[in-house]
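Reviewing the structure listed below.
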Amino acid sequence: MAHLTDIHLQPEGVAVESTIATLKALHERSDRPDLILTGGDAVMDVFAQKAERARTLKSLWRQVWSENCKIPSRHCIGNHDVWGWNKSRSGCTGAEPDYGKKWAMELFEIEKPYYAFTQGGWRFIGLDSTFSDGEGYKARLDDEQFEWLQDELKRTPAPTPVLILSHMPILSVCAYIDGNNEKTGHWAIPGDWVHIDARRLVNLFHRHPNVKLCLSGHLHQYDRADYDGVTYICSGAVSGNWWNAQTPQYYQTQPGYLMLDLYDDGSFESKYVRISFASRRDQ
Ligand SMILES: [Zn+2]
Numbered sequence: 007m008a009h010l011t012d013i014h015l016q017p018e019g020v021a022v023e024s025t026i027a028t029l030k031a032l033h034e035r036s037d038r039p040d041l042i043l044t045g046g047d048a049v050m051d052v053f054a055q056k057a058e059r060a061r062t063l064k065s066l067w068r069q070v071w072s073e074n075c076k077i078p079s080r081h082c083i084g085n086h087d088v089w090g091w092n093k094s095r096s097g098c099t100g101a102e103p104d105y106g107k108k109w110a111m112e113l114f115e116i117e118k119p120y121y122a123f124t125q126g127g128w129r130f131i132g133l134d135s136t137f138s139d140g141e142g143y144k145a146r147l148d149d150e151q152f153e154w155l156q157d158e159l160k161r162t163p164a165p166t167p168v169l170i171l172s173h174m175p176i177l178s179v180c181a182y183i184d185g186n187n188e189k190t191g192h193w194a195i196p197g198d199w200v201h202i203d204a205r206r207l208v209n210l211f212h213r214h215p216n217v218k219l220c221l222s223g224h225l226h227q228y229d230r231a232d233y234d235g236v237t238y239i240c241s242g243a244v245s246g247n248w249w250n251a252q253t254p255q256y257y258q259t260q261p262g263y264l265m266l267d268l269y270d271d272g273s274f275e276s277k278y279v280r281i282s283f284a285s286r287r288d289q
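Take 7 as the starting number for the sequence shown in this note's numbering and just add one per residue.
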């Protein structure tokens, strides 16, 4: 399988050509994946955007994805896929029929913002990490989703390995590298970067040793943390440094995506595949 996260599709710059080229190369690989998971932030942003821009991005994503992705794919919601929660900038009232998560659910054609399915003997759980907080957001599950996750893990037979997909990381190494901690002399990881309810989730996973792998994005850096039998990987970003063609790398991470082989015994192998941005056709 492949994990493509933080595509941040937009009509400007090299985004469209590079996304299409990445999907084409993925389809042509000798180890062509059976499944693509995308990790959220599919579009550059609708969180703080007006209706017209949101419409443009929705039809762009739908067109690019339907024309260029023939491999079965499942998506999870990122903060930038939630329409209008920044009301002062989006001009939303909250009464719009596709306001907030509805917009993202329509984009990805999913019934609920979180879900589970089985493929190749693994149970895949897609979470919705974006929790409303004033005009912004925090990375956490609400109680309803947490209870659903608890039940979902209880229902999953113990020998079935579980992969959890979320936009924001549950545990992260690279969050220490971003930010300005030297100034304050304290390590401070904002609650909109990494799941602020990580302790509750880690405690839950401890009771279910078949939870093997948690994949995330959001931080645009590639890292891996192993804790209590679970591997947490933040899979960089297809858009790298938000499609900056002059400086595509964000900190030490090049634009790219993760390729994985998942095995029946719950083990796996993974590799970060770097991509180069396409040059624009009009240049
Ligand atoms: Zn994000």
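Each residue gets a CB set at the ideal place from its N, CA and C atoms; glycine is no exception.
Under the three-state reduction of DSSP, residue 94 is assigned to helix.
The DSSP-derived three-state label of residue 7 is coil.
Classified as exposed, residue 269 has fewer than 16 neighbouring CB atoms from the shown chains inside 10 Å of its CB. One Cα belongs to residue 199, the other to residue 104, and the distance between them is close to 25 Å.
For residue 40, the shortest C-beta to heavy atom distance toward ligand 1 is 7 Å or greater.
One alpha carbon belongs to residue 258, the other to residue 230, and they sit about 14 Å apart. By the 16-neighbour rule on beta-carbons within 10 angstroms, residue 87 is buried.
With distances taken between CA atoms, residue 16 lies nearest to 70 out of 237, 176, 278 and 70.
The beta carbon of residue 126 sits closer than 7 Å to those of 40 and 268, all from its chain and outside the five residues before and after it, given in chain order. Within the region 175-217, the alpha helix (DSSP H) runs of at least 4 residues that lie entirely inside it are, in chain order, 187-190 and 204-212.
In the three-state reduction of the DSSP assignment, residue 116 falls in the coil class. Closest in alpha carbon position to residue 138, among 85, 171, 261 and 14, is 85.
Under the criterion of beta carbons closer than 8 Å, residue 134 and residue 170 do not qualify as touching, at roughly 12 Å.
Closest in C-alpha terms to residue 32, from the list 18, 10, 256 and 150, comes 10.
The beta carbon of residue 277 sits closer than 6 Å to those of 265, all from its chain and outside the five residues before and after it, given in chain order. In the displayed model, residue 225 falls within coil according to three-state DSSP, outside both helix and strand. Secondary structure at residue 139: strand, using DSSP grouped into helix, strand and coil.
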